[in-house]
Structures are given as structure tokens and as C-alpha cells.
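Chemist:
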Amino acid sequence: MENNVVLTMRGISMTFPGVKALDNVDFTLRKGEIHALMGENGAGKSTLIKCLTGINDFEAGEIRVDGVEGTVKNHSTQDAQSVGISTVYQEVNLCPNLSVAENLYIGREPMTAFHTIDRKTMMKKADELVKRLDIKVDVTQNLENYSLAIQQMIAIARASDMDCKVLILDEPTSSLDDGEVEKLFKVMNQLKEEGVGIIFVTHFLEQVYAVCDRITVLRNGTLVGEYPIADLPRVKLVAAMMGKDFDDLASIKPEGFEAQKDTPMEIEARGLSHKGTIKPFDLDIRKGEVIGLTGLLGSGRSELARSIYGADRAQTGTLKVAGKEAKISQPLDAMNLGMGLLPDDRKAEGIIGDLSVRENIILAMQAKRGMFRQLSRAKQEEIADEYIRLLQIKTATRETPIKQLSGGNQQKAILARWLATDPDFLILDEPTRGIDIGTKTEIQKLIIQLSQQGKSIMFISSEIEEMLRTCNRMAVLRDGAKVGELEGELTQERVMAAIAGGADNEK
Amino acid sequence: MKPANAVKGRKQMNGNTLLLIITIVLFVILYAGGCIVYGSKGFTNLQTFLNILISNAGLICVACGMTCVMLTGGIDISVGSLVALDCMLLAYGMGKWHMSAPVMCLIVLAVGLIFGLVQGFCVGYLEIQPFIVSMAGMFFARGMTAVISTDQLSITQDTNAAFYSWANWRLNLPFGGVLNRKGVLIMPYIRVGVIISLLVLIVIFLVLRYTKFGRSLYAVGGSEQSAAMMGLNVKKTKMKAYILSSFLCSIGGICYCLNTQAASVSQATGLEMSAIASAVIGGTLLTGGVGNVIGTLFGVLINGTIASIVQFNGKLASSWPNILTAALLCFFIVLQSVFAFLKEKKK
Chain X
-17 MENNVVLTMR
-7 GISMTFPGVK
3 ALDNVDFTLR
13 KGEIHALMGE
23 NGAGKSTLIK
33 CLTGINDFEA
43 GEIRVDGVEG
53 TVKNHSTQDA
63 QSVGISTVYQ
73 EVNLCPNLSV
83 AENLYIGREP
93 MTAFHTIDRK
103 TMMKKADELV
113 KRLDIKVDVT
123 QNLENYSLAI
133 QQMIAIARAS
143 DMDCKVLILD
153 EPTSSLDDGE
163 VEKLFKVMNQ
173 LKEEGVGIIF
183 VTHFLEQVYA
193 VCDRITVLRN
203 GTLVGEYPIA
213 DLPRVKLVAA
223 MMGKDFDDLA
233 SIKPEGFEAQ
243 KDTPMEIEAR
253 GLSHKGTIKP
263 FDLDIRKGEV
273 IGLTGLLGSG
283 RSELARSIYG
293 ADRAQTGTLK
303 VAGKEAKISQ
313 PLDAMNLGMG
323 LLPDDRKAEG
333 IIGDLSVREN
343 IILAMQAKRG
353 MFRQLSRAKQ
363 EEIADEYIRL
373 LQIKTATRET
383 PIKQLSGGNQ
393 QKAILARWLA
403 TDPDFLILDE
413 PTRGIDIGTK
423 TEIQKLIIQL
433 SQQGKSIMFI
443 SSEIEEMLRT
453 CNRMAVLRDG
463 AKVGELEGEL
473 TQERVMAAIA
483 GGADNEK
Chain F
83 MKPANAVKGR
93 KQMNGNTLLL
103 IITIVLFVIL
113 YAGGCIVYGS
123 KGFTNLQTFL
133 NILISNAGLI
143 CVACGMTCVM
153 LTGGIDISVG
163 SLVALDCMLL
173 AYGMGKWHMS
183 APVMCLIVLA
193 VGLIFGLVQG
203 FCVGYLEIQP
213 FIVSMAGMFF
223 ARGMTAVIST
233 DQLSITQDTN
243 AAFYSWANWR
253 LNLPFGGVLN
263 RKGVLIMPYI
273 RVGVIISLLV
283 LIVIFLVLRY
293 TKFGRSLYAV
303 GGSEQSAAMM
313 GLNVKKTKMK
323 AYILSSFLCS
333 IGGICYCLNT
343 QAASVSQATG
353 LEMSAIASAV
363 IGGTLLTGGV
373 GNVIGTLFGV
383 LINGTIASIV
393 QFNGKLASSW
403 PNILTAALLC
413 FFIVLQSVFA
423 FLKEKKK
């Protein structure tokens, strides 16, 4: 092992039933560096971390830790801790009702000769520890009195105090604001100076460039590469994560159509926000317009849509729908204003598996009418048949339980659900995920058709190409904020550059 | 940053201590009120206060155990029935089996340990709802009491001289004496139950504050998942809490029996609810993680003072203590919610 290397993972492979989660992945961590582990959803970041901390068993490959003879294979987080690997998770795993000092030392308290806790020594040691990391807290106070950021730092302090060589920070900044993130970085830098190797898992690009020395990128369970931070500008990082070679990108001519400038406004949002998910944003959407939301995973695409729809109640700002001030505090309000949302997680939020195709289709329509104005059975069947035909939903009968349908057809049925309510504004969150290419094209065509009928559509997709084909305009999100809009000729380069943002974009 | 944080912290810690202070102040007000209104009837005598301790010695022990269980976020509603079973065992064992008093006390304590072990195993390792487990325990203990005897038993000089002498033993205090109508100086006294219960209180206070086990109770109540992640044995901690509760309940049962010197199937009905009420009034949260036995002691004392006042009045119906306790519970629960709300808002 090289002198300054604390951790090497070589040829790590692991399969989940039917999926190769990790394929021959290498990872190297050096002493005193902050090393970002990046990748889109499903890239294998969490799986790799779990192999390291003993939560998952890997099938092939070896892990070596500085100062430990031979290879290391952990079977629990306790195992990992004993070889000097500590983890701090997104959710703070501490007890808010205990003092800071106790949270730092519980389970390993200094004891007196009478087998009781030596509170005095514990307080003193805790105080020294937080002072060393420059965390400004009173260790005798209960943890709940401090902000989430401080709590996160205490968790890090606890992890780092346990003879830690490798510190894994798994999305520690997800629920912190900018000032808090800044403080967290100070602690990270302090530990770095003390020689701890830090693995930083995050999807916030800015934070990676603010604090990291090196980046390892994974995609679809394979290693894309390890880069010093200076060699990997933002655009290249985005390209690496998304699997596009930036230089080879052929610009795809949008098959969509020009944005109408003269039609009335459907949605006017001013300063809408939801704490912790989406920062205040302004957004206008005209009638008959298809607006795309683009950005990396976790950039706030779905969250923006949810805050308009009332699924996450907006805490600030105003919203006008069709020119009128609207107050939306729950999805039903939005539905009554003529909105529809096709959620991205259709298993959890969309289909009701045991109900029939017919019942799934008329669900939103019935909800809008209210409990007491039941749709007649004949009417229900008529509507269901119409959409099954219109969208070519492949089902044995309209009474077939929807869970027996393929993913693409389920998706169409949910789309039918919202179309049946005749919405003026339809939000489609990843409507084409996991469905075959033929159905994808049909859905894209349908979106353009709907917009030609004067409906406004918000389209969220991870596939830039399909957005280029369908959208008039795109809003770009990064790190939970809307950072810009793209109009005119949309090209893949422009979109990717906007997603990457930061210094590269401004040059 | 530092001063802002420090001030914020100090203010909020007062939130929890403030609850305790309110409890204590409320007790003082109640007691002072009793002294003013019923001073002429002898409420001001130190003995009145000591009588509250004497008649509630058993409840103090039981409530200490209850506090420990509630700290983990659990509940133990079997304690009232277990006290009845303890009393019945003592009375029947000494009366019918002619066992000696110390042996019967040890048996009662052993029964408490086993009882708690079973309940704790069910809650900790089988992860059954504490309410259900202890409800089963409640029915079982009450049922077993009836199995032993459905008679009204009393412990007299003839039943067991040793136990009788313990029950009637007095420790006169060297101060606070009053002259009775004949002009004889009567010294205030406490009974053995008071000494036992105060010892229990002190020990549990120290255990909760200075031992790994005690702090684990708080940690488990604060967040079970976090406690597990920090390497604490959550299941074992929970089991120990229920063992402790049942064991303290058995000590409480002995104190209770020393006070009543009687046993019957319907004895100590609703005692579990008094214990829970005392803990809650004393600032223990039902959700776990917050509370201590000092608060619980004052919770018991408040209940006792109310009962005393009603007794001194002589004309009020015996249902009044219940109604007042209900009002107090509402008051404290609302207060706790308000504090929790303010704390949340400050963040």
C-alpha cells in the first residue's frame, strides 16, 4: 500500500437479483483528502458505501485499510468502526433529548472507580473535542437546542473521535441551508488537516467544487474514472455522470415548435418555495406551452412541481392560475383549479394495484366531483373505454386489475386518469421512465397534441433528448433552486452547460 | 455565534426545568392553601405532610418504576394489580402458610423480578406493544390474586408479629413537635415505608443520572434507532426497564401492605393510573426521553395534598380528588405541548 493511502477498494462486484449493482469498481482514498463520490441515481454510490461499511456483502474484490493486515471484510457497522471506518448519514442518528457531551460519549463514557459515569471528565473531554473541531456549542446543553447543522457536526465529531481513518459522509448536507453547509465544511477541512480521509457523497455540484480534492464518478455500477478536481470542470463532470461524451455531442434539432408569445398566462408563480426542498422561484407558463424542467437528480425538479401542485405546500410566494390569485394548500385545491400531476413514482403515488383499469382511470375525476356525486357506472365505463382506445392501453378488459398491466400501460392509464379530468395544466413527472421506446414516442406525441389543444404542460424527464423534442422552453434547476430558463433553439450542449452551471458556464 | 447559541441553549434548557419548577410551585401553593384554610384543624402540623408521605410510600416506589419505563417511551399498567397480588401474597402467606415476614418479602420481590422479566422480554425482544403486554400482566396479576383468595384478609398481631411490629414501628423526628389538647408534646413521626420509598427514590435518581443503564433509558426514549446506531443494546435496556418497574412495584407493594395491613382482590385498583398521573404531572413525557424521579415525587405529593385537603374538608365527595387530578393532568399536558411548540418555533 502506498504511503499516504488509507483505503483501497479493488475490483468490487456485487449483484442484486437481476441487476449488476457494482461491476469491478475501484476506489482509492488518501490520507487527508476529501473525495467526492458522484453519480446519478442507480450509479452504485450507496451500494459501494454499503459494501465498505458492512451492510452489503460484495461478491468479488478486496478492501484494504491502512494499518490492518490483509484484506478487510466488514459484516456490520461495528466491524467497520473497529477498523477505523465511521459513517455519518443524512438523518442525524443522535438522541436530541441528551446533552451534546452524552451524545458524543454515550456507550463509551468515562467511568469512575465506582462504575458510575464520570460526568465531569466526560464534559471536559467533550468540550475539548468540540473546541478542537471549532464547533461552537455548550456541551452541557441538550442536543435538541441546536440547529440541524450543529447536530450533524456533533455526529461527525462523534464519528471522528473513534480512532477514525476513513469518514464517510452520506448526503450530510441535504437538509442544511447555505450558511450551515459552510460551517460543516469548516469541520470537514479541520478533520482533513488531521489526516482523516473523507468520502463525501452528495449530489450538490457546487459543494463538490467548494470542498473536495478529488472526484470518483460511477455510472450504472461501473467506474467512469477518478479525477483530481482541477481536471474535471463541471460540464465534464455532468457529462461523465450522464454518460455523454461532451465533445461528441451532436446537437439534436428540436422537433417541437416555437413558443407562443401571445397566448394568455396559465400559471404565474412568484417566489414560491418549500423549506428544505426548493428555494423561492418565479415561473410563468403560457397556455398551450410545454415547459421542461431539467437538472440533475435531486436538483429540485419534482419538488418545484410539487410546490405548485400543493403536494408540498408552498410556504412563501404567490401563485396565479389563469390570471387569478390562487391559494393551493392541498392537491385537491389544485385539481379544482384544473391541474393534474402524474407523479414520478407511480408505484407509490400513482396506481392502486388492486383496483381495475376503469377504477384507476376515473379516480381523479371522481375525487374532483366529490364523494356524493358518484359517476354512474355506465358513464365510468364509457370514459374508461374511450381512453383505453385513445391511448391504446393494452389490457384484457377494462375490469382487469391494473397491477397485471405492463409498466408502460400502467403509465398510460394514469395519464388517462388526468386527461379524464380535462386539466388545463398538466404536470408530468418522468412519464416515460421505464417504458419501452415505442410507448415513449406515443407519449411524446400525445404531449404535443395536448399542447396544441391549448393545454399547458410541465414535462420533467431525465432524458434530455426527449425534452428537446417536446418542450418549447426549459427551466433549469440546480441544487434545489431554479437557476435559469432556456428559450429559442434548444440544444443538448446548451442544456448540459446550464445544468452544470458555475464558473464554467460563465466563462 | 457562541453567545447567541449559548443564550439560546440556556433559555431552552429552562423549558424542561421550568416544568419541574411549576410542579414544585404548584405543590407549595396547594399546600399553603391547605394550611391557610384548614390551619385551625391542624393542617399546618408537620405530621399532616408526613402522613401524605406515609400513605403514599407505596405509590412513590411504583411511580419511580413507572417513570423509568415511561422514559423509554413505554408504559406499564400492570403495577396496580401487581401491588394487589403482592399484598395478597404477604397476607395469605403469613396468615395461612405461616411463613415468616422476611421470607414472604423476599418471595414477593422474586415474584416482581420474574413478572418484570416476562413483561420485559415480551416488550424488548418480542417487540410487542407495552400497553398490550402490561394489560395482559394486569389481568394476570389481578386474576392470580383472586386465585389465592377472594377473602378480605388483614394482618394483625396474631397473623405475624414481626410484620405487625414493622407496620406499627414509628420513627419520631427530633423536631416539629406539637402540644395536644392535654398539653403533652407529641413528636411527628414517619413509618418504615417512608424510609424505604425515599431510599428507592434516591437510588433511582442516582441510577438515572450516573449509570450507563440510566442514560441508556433516556437514549432509547429519545430515539430508538439512534440509540441502536450508537451501539446501545436497545432490547436489553427495555427489558431491564420493565424488570426494574416490576421490582420497584413489589417494593411498593410491601410498603403499601405495611400501610394498609390488609389484602383483597380489589386492592390498589387504579394505582397504575395514579402512578402515570404522578409521573406526567412531574414532567415525564409519555413519548419518552424526558423526566426524572424528583418531578415524580412532587407529582405524588400533589395528588396526596389534594386527597388530604378533601379529607380535612370532610364535606366534599370523595370523587373530588379524581376531578382535581384530571384538571391538573390537562393543565400539565397542555403546558408540555406549549413548551414543545415554543421550542419548535424557536428553531
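Here the protein sequences come in this chain order: X and F.
Mapping the first sequence onto our numbering, position 498 (from 1) lands on 480, and the numbers just tick up by one.
Converting from the second sequence to our numbering requires adding 82 to each position, the first position being numbered 1.
Note that the Cβ used here is the ideal one computed from N, Cα and C, for glycine as well.
#1: Consider the Cβ of LYS178 (chain F): report whether some Cβ of chain X lies at a distance smaller than 8 Å.
#2: Roughly how many angstroms separate the alpha carbons of ALA232 (chain X) and GLU475 (chain X), rounded to a whole number?
#3: When the Cα atoms are used, what is the spatial distance from GLY365 (chain F) to VAL382 (chain F)?
#4: Taking a cut of 7 Å between CB atoms, which residues from the segment 276 to 302 of chain F lie near chain X?
#5: So what does DSSP say about LEU314 (chain F), is it helix, strand or coil?
#6: Give a yes or no on contact between the segment 372 to 380 of chain F and the segment 257 to 265 of chain F, applying the rule of three or more CB pairs nearer than 8 Å.
#7: Identify every residue that forms a DSSP beta bridge with SER68 (chain X).
#8: Need the endpoints of the beta strand (DSSP E) that GLY3 (chain X) sits in, please.
#9: Could you tell me whether the segment 121 to 138 of chain X touches the segment 333 to 340 of chain F, using the rule of 3 or more Cβ pairs below 8 Å?
#10: Who are the near neighbours of ARG252 (chain F) in its chain, counting only those whose CB is closer than 8 Å to its CB and skipping five residues on each side?
#11: Going along the chain, which residues of its own chain have a beta-carbon closer than 6 Å to the beta-carbon of TYR120 (chain F), five neighbours each way excluded?
#12: Determine the direct distance from the alpha carbon of GLY352 (chain F) to that of SER400 (chain F), and round the result to whole angstroms.
#13: Rounding to the nearest angstrom, what Cα-Cα distance links ALA183 (chain F) and TYR246 (chain F) in this structure?
#14: Bridge partners of LYS306 (chain X), per DSSP?
#15: What are the residues of the segment 50 to 79 of chain X that lie near chain F, defined by any Cβ-Cβ distance shorter than 7 Å?
#16: Chain X partners of MET152 (chain F), CB-CB under 7 Å?
#17: Distance check for GLY270 (chain X) and SER433 (chain X), CA to CA, integer angstroms please.
#18: From VAL303 (chain X) to LEU254 (chain X), what does the alpha carbon distance come to, in whole angstroms?
#19: Figure out for me which residue from F:GLY198, F:ILE189 and F:LEU171 has the closest Cα to the Cα of VAL161 (chain F).
#20: If you run the structure through DSSP and keep just helix, strand and coil, what is TYR207 (chain F)?
#21: Taking the beta strand (DSSP E) that PHE182 (chain X) falls in, what are its first and last residues?
#22: Going straight from the alpha carbon of ASN75 (chain X) to that of LEU200 (chain X), what length do you get?
#23: Give me the chain X residues within the contact set of GLY156 (chain F), using Cβ-Cβ distance strictly less than 7 Å, ordered along the chain.
#24: Which stretch, first to last residue, makes up the alpha helix (DSSP H) that contains TYR246 (chain F)?
#25: Give me the Cα-Cα distance between GLN312 (chain X) and GLN356 (chain X), rounded to the nearest whole angstrom.
#26: Under the criterion of a Cβ to heavy atom distance below 7 Å, does GLY203 (chain X) qualify as lining the ligand MG?
#27: If you follow the alpha helix (DSSP H) that ASP315 (chain X) is in, where does it begin and where does it stop?
#28: Taking LEU468 (chain X) as the reference, give the member of X:CYS33, X:ASP8 and X:LEU275 with the closest Cα.
#29: Residues of chain X with CB closer than 8 Å to the CB of MET311 (chain F), please, in chain order.
#30: Just the chain X side, please: which residues come within less than 8 Å of VAL372 (chain F) by C-beta, in chain order?
#31: Quick check: is the beta carbon of SER182 (chain F) nearer than 8 Å to any beta carbon in chain X?
#32: Kindly indicate which three-state DSSP category TYR128 (chain X) falls into: helix, strand or coil?
#33: In the DSSP assignment, find the unbroken alpha helix (DSSP H) run with THR149 (chain F) in it and report its ends.
#34: Is it the case that the Cβ atoms of PHE(-2) (chain X) and LEU30 (chain X) are separated by a distance below 8 Å?
Modeler: From the atom records:
#1: No, no contact with chain X.
#2: Residue placement at ALA232 (chain X) is flagged as unreliable, the pLDDT there being 36, under the threshold of 50; the coordinate-derived value follows with that caveat. Roughly 9 Å between the two C-alpha positions.
#3: GLY365 (chain F) and VAL382 (chain F) have their alpha carbons spaced roughly 12 Å apart.
#4: Here the close residues are TYR292, THR293, LYS294, ARG297, TYR300 and ALA301.
#5: Correct three-state label for LEU314 (chain F): coil.
#6: Touching, no, given that fewer than three Cβ pairs across the two stretches are closer than 8 Å.
#7: Paired residues: X:LEU149.
#8: A small fix is needed here, since residue 3 (chain X) is Ala in this sequence, not Gly. Start and end: 1 to 12.
#9: Counting Cβ pairs under 8 Å, fewer than three are found: no touch.
#10: Hits under 8 Å: TYR271, ILE272 and ARG273.
#11: Taken in chain order, the residues that qualify are PHE394.
#12: Looking at the two C-alpha atoms, the distance is approximately 15 Å.
#13: Inter-residue distance for ALA183 (chain F) and TYR246 (chain F) is about 9 Å (C-alpha atoms, whole angstroms).
#14: Per DSSP, X:VAL303.
#15: So the close ones are GLN60, ASN75, LEU76, CYS77, PRO78 and ASN79.
#16: Here the premise fails: no neighbours, minimum Cβ distance about 13 Å.
#17: Their backbone Cα atoms lie some 4 Å apart in a straight line.
#18: For VAL303 (chain X) and LEU254 (chain X), the distance between alpha carbons rounds to 13 Å.
#19: Taking only the C-alpha atoms, the option nearest VAL161 (chain F) is F:GLY198.
#20: In this structure, DSSP gives TYR207 (chain F) a state outside helix and strand, which the three-state scheme calls coil.
#21: 179 to 183 is the extent of the beta strand (DSSP E) around PHE182 (chain X).
#22: Spanning the two alpha carbons is a distance of roughly 27 Å.
#23: Within 7 Å Cβ-Cβ: nothing; GLY156 (chain F) doesn't reach chain X, min ~15 Å.
#24: Unbroken alpha helix (DSSP H) run through TYR246 (chain F): 243 to 250.
#25: Their backbone Cα atoms lie some 22 Å apart in a straight line.
#26: In the structure shown, the ligand MG is absent, as is every other ligand, since no ligand is present at all.
#27: Unbroken alpha helix (DSSP H) run through ASP315 (chain X): 313 to 318.
#28: Comparing Cα positions, the closest option is X:LEU275.
#29: THR59 and ASN75, listed in chain order.
#30: Taking a Cβ-Cβ threshold of 8 Å, the residues of chain X close to VAL372 (chain F) are ASN79, in chain order.
#31: It does not: the Cβ of SER182 (chain F) has no partner Cβ on chain X nearer than 8 Å.
#32: Coil.
#33: It spans 128 to 153 - the alpha helix (DSSP H) in which THR149 (chain F) sits, taken as one unbroken run.
#34: A distance of 8 Å or more separates the beta carbons of PHE(-2) (chain X) and LEU30 (chain X).
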